[in-house]
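**Q**
In the numbering used here, the protein residues as written are 373 to 576.
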């Protein structure tokens, strides 16, 4: 059984992948039932908060170590997409005398398609991490209305404050890595392709 902040409780909604590299799934095997928890609700929330902080520190370290790589990857990927999108449009608009023109055109189509899919999957997974934090905040805010003890309420407020200061994945602080940059990337590709098409293309 799994609990997802945005989807609630279910048996199949915890199949996820992290940045397209690590994929994890629930275990359906039979295990010995764990004994009942002796934690109070406040202690349980504090325990989850500490676990979240440990996981966040791991993600922060991962992000900091790969910051230059993220920035380099996105800049290079944007450059490659612009060049390939221009080549794809040029082969579609113009008729070239080269006998390999049709094969090159097909390669350009496939290359552009897979690079676009790869970029979207990468940004979608980063967006998923951001959505998980937002969903967890909403879940805690909803639960806080049913709290009856002061200690539990304080633990919830502390957890929410920690989540509000959660740092998102970034590329050396230049921009955040999420689906929000997909629009500017697409706009840049379209702009540069339209500008490049203003120049005459030799049809050799």
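Even for Gly, the Cβ is constructed at its ideal location relative to N, Cα and C.
Taking 8 angstroms as the cut-off, does the stretch 538-555 touch the stretch 484-500 (at least 3 CB pairs, one atom from each stretch)?
**A** Counting Cβ pairs under 8 angstroms, three or more are found: they touch.
**Q** Among the candidates 570, 468, 432, 448, whose CA atom is the shortest distance from the CA of residue 487?
**A** For residue 487, the nearest C-alpha among the options comes from 448.
**Q** Going by DSSP, name the residue or residues bridged to residue 542.
**A** Paired residue(s): 548.
**Q** Are the Cβ atoms of residue 451 and residue 481 separated by less than 9 angstroms?
**A** Not a contact, by the Cβ cut-off of 9 angstroms.
**Q** Where does residue 502 fall in DSSP's three states?
**A** Note: residue 502 maps to helix in three-state DSSP.
**Q** With DSSP collapsed to three states, give me the class of residue 435.
**A** Of the three classes helix, strand and coil, the one that applies to residue 435 here is helix, per DSSP.
**Q** Along the chain, where does the alpha helix (DSSP H) containing residue 560 start, and where does it finish?
**A** Looking at the DSSP string, the run of the alpha helix (DSSP H) that includes residue 560 is 554-568.
**Q** Just to confirm before moving on: does the CB-CB distance between residue 561 and residue 457 stay below 9 angstroms?
**A** In this structure, residue 457 lies closer than 9 angstroms to residue 561 by Cβ.
**Q** Please go through the same chain and pick out, in chain order, the residues whose beta-carbon is closer than 8 angstroms to the beta-carbon of residue 512, but skip the five residues on each side of it.
**A** 528, 531, 532, 535, listed in sequence order.
**Q** Which value, in whole angstroms, describes the spacing of the CA atoms of residue 429 and residue 543?
**A** Approximately 17 angstroms, taken between the alpha carbons.
**Q** Flag residue 441 as yes when its Cβ comes closer than 8 angstroms to any non-hydrogen atom of the ligand ZN, and as no otherwise.
**A** In the structure on display, the ligand ZN does not appear, and there are no ligands present to speak of.
**Q** Kindly indicate the opening and closing residues of the alpha helix (DSSP H) around residue 536.
**A** Here the alpha helix (DSSP H) through residue 536 covers 522-536.
**Q** Where residue 503 and residue 427 are concerned, what is the direct C-alpha to C-alpha distance, given to the nearest angstrom?
**A** Rounded to the nearest angstrom, the two C-alpha atoms are 16 angstroms apart.
**Q** Helix or strand or just coil, what does DSSP make of residue 466?
**A** Residue 466: coil per DSSP, three-state reduction.
**Q** Cα separation between residue 431 and residue 444?
**A** Going from the Cα of residue 431 to the Cα of residue 444 covers about 19 angstroms.
**Q** Give the straight-line distance between the Cα atoms of residue 435 and residue 441, rounded to the nearest whole angstrom.
**A** Answer to the nearest angstrom: the Cα atoms are 10 angstroms apart.
**Q** Is it buried or exposed, residue 485, if we count other Cβ atoms within 10 angstroms and call 16 or more buried?
**A** Flag for residue 485 reads exposed.
**Q** Under three-state DSSP, which class holds residue 461?
**A** In this structure, residue 461 counts as helix in the three-state DSSP scheme.
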